[in-house]
Structure formats: C-alpha cells, structure tokens
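Asker: I'd like to ask some things about the structure below.
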Amino acid sequence: MINPFAPVGRAVLGILREIGRFSLFAGRSAASVFSPPFFMGQFARQSLQIGYFSLPVIGLTAVFIGAALALNIYVGGARFNAESFVPNIVVLGITRELGPVLAGLMLAGRVSAGVAAEIGTMRVTEQIDAMNTLSTDPFKFLIAPRVLAATLTLPLLVLVADIIGVMGGYLVAVNSLDFNGATYLRNTLDFLESQDVILGLVKAAVFGFIIAAMGAYQGYNSQGGALGVGRATTNAVVGSIVLILAVNYLITAFFVE
Amino acid sequence: MTAKLQLVDIKKKLRGRQVLDGVDLDVAPGQSLVVIGGSGQGKSVTLKCALGLMKPDAGQVLVDGAEVTRMPREIRGRVMKKFGMLFQGGALFDSLTVWENIAFRLIYADKVGRKEARDRALATMRKVRLAPEFADVRPIELSGGMQKRAGLARAIIAKPDILFFDEPTTGLDPITADAINDLIVEMVKEIGCAAVSITHDMASARKIADEIAMLHGGKIVWRGPAAQIDNSGNAMVDQFIAGRADGPIQAVV
Ligand SMILES: Nc1ncnc2c1ncn2[C@@H]1O[C@H](COP(=O)(O)OP(=O)(O)O)[C@@H](O)[C@H]1O
Ligand SMILES: [Mg+2]
C-alpha cells in the first residue's frame with residue numbers, strides 16, 4: 246500500500262536534517278571568527294569584494310524602491326486623505342523592512358552565489374584538501390573572513406541603502422507629487438526613531454551572516470565536478486533567500502513584541 | 007624500528023560501497039612505497055584516510071607510532087606539519103601567484119615574513135627546476151608539467167617527514183612524466199623523507215618505488231620489493247603489470 250504522507254514526511258525529515266547540518270556548520274564558522282589565527286589580509290580583501298563592490302547594486306535597488314514606494318503610498322494615502330504621510334511611511338518601510346530585506350536578497354544573488362562557486366571549485370579541485378595538508382584550517386582562512394566581512398559590511402550597505410531609498414522617495418515626492426522638499430525631509434527626520442534604524446541594522450548583520458555562511462556551506466559540501474558546483478551555487482541562493490525571509494519575520498516579530 | 011606511517015585495518019564505506027575493506031600498510035622512515043591498483047579501487051581514498059582528510063569508519067592511522075585518526079582538529083594540524091602532499095590535479099590555489107602557492111605554509115601557518123618566504127619559494131623553485139620568471143604568474147598559466155613541479159615545490163618547502171603523491175604522472179606526456187619521476191626520486195633522497203605514492207603507471211612505480219603494494223577489492227593483495235614485481239607469483243599483479251583485460255581482475259567499464 247502506498248502511504249500518501251510518506252513523501253511529505255521524507256521531505257520534512259530531509260529539510261530538518263539539512264537545517265541541523267547547516268546550523269552546525271554556521272556554528273563552527275562563527276566560532277572560527279573568534280579564535281586565532283586571524284587572516285586580516287583575507288578579511289580586508291573580502292570586505293572590499295563583498296561590501297564595497299556591492300554598492301552599485303544596493304544603490305540602484307534602493308533608489309528605485311524608494312521612488313516606487315512613495316508613489317504607491319501616495320495613491321493609497323489619497324484614499325484616506327492621508328497623502329501627507331508619504332515621507333513617514335517611506336522612511337519607516339525602508340529602514341525597518343525594505344532596506345535590509347532587499348539588500349539581503351540582492352546579496353544572496355551576488356555574494357552567496359559567488360562564495361559557493363569559489364569554495365565549491367576549491368573543494369572539487371582538491372584545493373581545500375591541499376590547504377589542510379598545508380596546516381591551514383579552511384574555516385579560518387576561507388570561511389571566517391567571508392562571514393565576518395559580510396556580517397560587518399551588510400549593515401553599512403543598508404545604511405547607505407536607507408539614505409538612497411529615502412532620497413528616491415524624496416525625488417519622486419518633490420518632482421511629481423508636489424511635496425515641499427524641506428517639509429518632506431523634516432517630516433522624515435522628525436518621524437524616524439533610532440529603533441527603526443537599529444532594527445534594520447540588526448537584520449542586516451544577521452542576513453550578512455546567513456548569506457556568507459550559506460554560500461560557504463554549500464560550496465564546502467559540494468561534490469561531483471562542475472555539475473556539483475553549479476548545484477551548490479543554486480542551493481546557496483535559494484537557501485539564503487528562504488532563510489532571510491523566514492528570519493526577517495522572526496526578528497520583526499521579536500522587535501514588535 | 008617504529009614505522010613512519012602505519013595503516014591498520016582501515017575500512018571506509020562511500021555511497022553504500024565498501025571502498026576500503028581492511029587496508030594494512032606501513033612505511034619505514036626513508037622508504038618509498040608505491041601503491042598500485044586499478045581506477046576506482048580506492049587508492050586516493052587510502053591516501054586521504056592516511057592524511058586525515060577523510061575519517062575512516064574503522065581502523066587506525068599511526069604516525070611515528072601515535073594514533074592520529076581520533077585526534078582533535080587543532081592537534082592534527084601539528085601532525086600535518088610532518089606531511090607534504092602532491093595532489094593529482096596539482097590543487098594549486100588559483101587566486102594566488104605561483105610563489106605564494108609554494109610558500110603558502112610558510113606565510114600562513116608558520117608566519118614567516120613575506121620577504122624570507124619568497125626567497126625560500128624561489129630556492130625551492132630552482133630545486134624542482136621551475137624557472138624564476140614563473141614566480142609571479144597565476145598557476146592557470148602554467149603547463150601541466152609545470153603545475154606538478156609547483157605542487158611538488160609546495161609539498162617539499164618545509165622538508166616534510168613523509169611525502170604523498172597521488173598519481174604524479176597521470177595526464178603528462180611520457181617524457182615529462184619521466185622527468186617528474188626523476189625529480190621525485192631526487193627530492194625524496196635529498197630530504198631523506200619517506201614517500202607514499204599511488205599510481206596506475208607501472209613505469210612510474212618501477213622508477214620511484216623501494217616497495218610496491220597492490221590494492222584490489224579494498225585490500226592489499228600483494229606487497230614486496232620493487233625488484234620482485236615481475237616474479238610476484240600473484241595472478242592479479244601479473245595481470246595488472248601486463249595490462250591484460252582477461253585474468254582474475256574483471257575490468258569495470
Ligand atoms: N568524497 C567521496 N564521496 C563519495 N564517494 C567517493 C568519494 N571519493 C571517492 N569516492 C568513491 O570511492 C571509490 C574509490 O575512489 P578513489 O580512491 O578516488 O579511486 P582511485 O583508486 O582511482 O584513486 C570510487 O568509487 C569513488 O566514486
Ligand atoms: Mg585517484
């Protein structure tokens with residue numbers, strides 16, 4: 246007899262096992278950030294690669310989202326004669342939610358895939374094994390610098406995204422919605438509370454960690470040549486996106502409580 | 007005399023298949039052992055277990071008489087300092103230059119200054135006859151033979167006690183392969199280290215081995231001095247060195 250629940254059960258067990266394995270890996274990655282030896286040169290290079298070179302992607306995303314958000318909120322607000330709330334809701338939406346989530350999603354594509362492909366290639370060409378035989382722990386040399394760089398630079402990127410996103414809303418509001426520029430900015434700043442920004446930055450740090458750790462996890466465990474590396478890359482992107490969205494909800498719920 | 011390296015009853019199952027089914031091997035200091043065997047017989051897995059890159063399901067690995075398979079990671083790093091390994095595909099780090107590859111252990115594990123590390127890398131490049139103008143290029147720009155030389159230089163720079171070679175001549179033309187064999191013999195003699203090589207290239211095995219062991223069906227089926235390989239009295243060894251498809255070993259295509 247065929248039990249219709251068996252495949253579902255298997256899938257759930259598979260996912261749970263994967264979550265367990267990833268948690269162990271992430272724990273070891275985090276621990277290796279705090280214990281010597283520290284490879285500062287690698288950290289600097291990764292900060293540049295992950296943080297600095299992501300600026301254009303983040304900036305473009307933020308400006309367009311800020312602009313679209315302003316338009317939508319204007320339309321929605323008009324139904325309640327509440328058009329004047331555009332600056333308040335734009336800044337709230339961007340700092341608390343859209344800035345970190347969109348930055349996280351963009352970097353899941355850019356960084357998680359990159360890390361998975363690089364470490365995966367090193368795995369299948371035995372470079373990871375070689376590093377071990379050279380008395381150097383790949384967790385310290387490869388993974389810790391990437392995880393630390395992503396965790397520290399993503400909040401900075403989100404800060405930039407917040408500012409650019411608000412500017413995007415500002416440009417639309419002033420140029421096509423007849424807002425007064427000075428009033429718009431004053432409303433934005435008066436309304437914004439430090440906890441809005443802090444929530445966004447906490448999310449960003451967690452997302453940064455997820456992105457780098459997931460990329461490293463998939464790459465480190467890849468096997469089977471180019472095909473395996475391709476699969477690792479895809480899994481890294483999908484895995485970090487799903488995890489970011491789930492964790493985003495949890496962090497938000499925790500802060501709202 | 008305690009063996010430099012000893013494998014005792016190593017077992018390893020991979021993807022449901024018993025790849026190693028009780029492998030016993032030992033290498034005396036200064037001795038060169040070559041393990042021969044067909045493709046997919048678990049030669050690389052044997053080396054990885056010996057090096058601690060793979061954890062055997064059962065059995066022991068002894069280095070200088072001390073059991074190392076169940077050592078914590080941090081201490082294993084110290085055992086690794088006795089090892090040098092030349093990987094099948096070279097396994098050079100493609101994000102680093104050739105000299106940084108060769109000096110990797112000095113720079114990142116031993117914290118030697120870059121100036122001194124570079125000097126030592128260049129000296130080692132000279133030993134393996136790799137021209138100094140390749141010091142600053144990326145490994146990807148080297149030919150297969152040169153990549154092997156660079157990999158060898160990286161393996162010997164810290165004068166290991168044991169050198170491991172995984173198919174050192176595979177993928178090279180016969181002349182380059184012979185040059186690499188000569189180089190291996192020369193380096194092992196110069197450093198005075200033990201060597202464990204795996205290969206299916208009999209010309210290479212004859213040249214670099216003091217002793218030869220044959221791995222088949224997850225076990226060592228024959229072992230003896232290299233000079234006796236032609237009179238082993240073992241049908242599988244005879245078939246392997248003659249390269250015949252018919253015999254006790256069935257080719258898995
Ligand atoms: N990391 C691994 N995961 C799963 N199976 C592996 C792994 N490495 C090797 N194997 C399997 O073990 C067997 C022996 O492989 P290997 O030791 O590479 O053979 P060879 O004697 O040609 O070096 C092969 O069937 C291979 O598919
Ligand atoms: Mg092999």
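Chains as they are written, first to last, in this note's numbering: chain A, 246 to 502; chain B, 7 to 259. We put the CB at the ideal spot given by N, CA and C, even for glycine.
I'd like the list of long-range same chain contacts for A141(B), defined as Cβ closer than 8 angstroms, with 5 residues on each side in sequence excluded.
Answerer: Result list for A141(B): T103, V104, W105, R124, A127, L128, M131, in chain order.
Asker: Given that a residue counts as buried once 16 or more other Cβ atoms are within 10 Å of its Cβ, and exposed if not, what is V134(B)?
Answerer: Looking at its Cβ environment, which holds 16 or more other Cβ atoms inside 10 Å, V134(B) is buried.
Asker: Using a beta-carbon distance below 8 angstroms, is A97(B) in contact with chain A?
Answerer: Closer than 8 angstroms to some Cβ of chain A, the Cβ of A97(B) qualifies, so yes.
Asker: If you reduce the DSSP assignment to three classes, tell me which class M7(B) lands in.
Answerer: In the structure shown, M7(B) sits in coil (DSSP, three-state: anything other than H, G, I, E or B).
Asker: Span of the alpha helix (DSSP H) holding E196(B)?
Answerer: First-last of the alpha helix (DSSP H) with E196(B): 180-197.
Asker: Where do the N-terminal and C-terminal ends of the beta strand (DSSP E) with R144(B) fall, by residue?
Answerer: No beta strand (DSSP E) contains R144(B), which DSSP labels as neither H nor E.
Asker: Can you list the residues of chain A that G119(B) reaches, using a CB-CB cut of under 9 angstroms?
Answerer: Within chain A, no residue comes near G119(B); the closest Cβ sits about 14 angstroms away, beyond 9 angstroms.
Asker: Please report the straight-line C-alpha distance between L472(A) and T479(A), rounded to a whole angstrom.
Answerer: Distance between the alpha carbons of L472(A) and T479(A) is about 11 angstroms.
Asker: Examine chain B for any beta-carbon lying closer than 8 angstroms to the beta-carbon of D423(A), and answer yes or no.
Answerer: No, because no Cβ of chain B sits closer than 8 angstroms to the Cβ of D423(A).
Asker: Examine ligand 2 and report whether any of its heavy atoms sits within less than 7 angstroms of the Cβ of Q468(A).
Answerer: No, the beta carbon of Q468(A) sits no closer than 7 angstroms to any heavy atom of ligand 2.
Asker: Keeping to the same chain, check which residues put their C-beta closer than 6 angstroms to that of V346(A); ignore five residues upstream and five downstream.
Answerer: The residues are N493.
Asker: Which residue from K117(B), L98(B), I190(B) puts its Cα closest to that of S149(B)?
Answerer: Minimum Cα distance to S149(B) is reached at L98(B).
Asker: Would G469(A) be called buried (16 or more neighbouring beta carbons within 10 Å of its own) or exposed?
Answerer: G469(A) should be labelled exposed.
Asker: Could you tell me the distance, in whole angstroms, from the CA atom of T52(B) to the CA atom of E502(A)?
Answerer: The alpha-carbon atoms of T52(B) and E502(A) are separated by roughly 56 angstroms.
Asker: Indicate whether at least one CB of chain A lies closer than 8 angstroms to the CB of M86(B).
Answerer: At least one chain A Cβ lies under 8 angstroms of M86(B).
Asker: For the beta strand (DSSP E) containing T205(B), name the first residue and the last one.
Answerer: Where T205(B) is concerned, the enclosing beta strand (DSSP E) stretches over 200-205.
Asker: Which chain A residues sit within Cβ distance under 9 angstroms of G83(B)?
Answerer: The contacting residues are N377, S380, T381, D382.
Asker: With respect to the beta strand (DSSP E) encompassing V69(B), which residues constitute its N-terminal and C-terminal limits?
Answerer: Taken as a continuous stretch (DSSP letters only), the beta strand (DSSP E) holding V69(B) covers 64-69.
Asker: Going along the chain, which unbroken runs of the beta strand (DSSP E) with 3 or more residues stay wholly within the segment 82-125 of chain B?
Answerer: List check, beta strand (DSSP E) in window: 89-92.
Asker: Classify L59(B) as helix, strand or coil using the three-state DSSP reduction.
Answerer: Here L59(B) sits in coil by DSSP.
Asker: Here's the rule I'm using: 16 or more other beta-carbon atoms within 10 Å means buried, otherwise exposed. How should R431(A) be labelled?
Answerer: Exposed, since its Cβ has fewer than 16 Cβ neighbours within 10 Å.
Asker: Enumerate in chain order the residues of its own chain whose CB-to-CB distance from A461(A) is below 8 angstroms, with the five nearest sequence positions on each side excluded.
Answerer: Here the set comprises F270, S274, V360, A361, I364, L387, I388, R391, V392.
Asker: Buried or exposed: where does S45(B) fall if 16 or more other Cβ atoms within 10 Å of its Cβ makes it buried?
Answerer: S45(B) should be labelled exposed.
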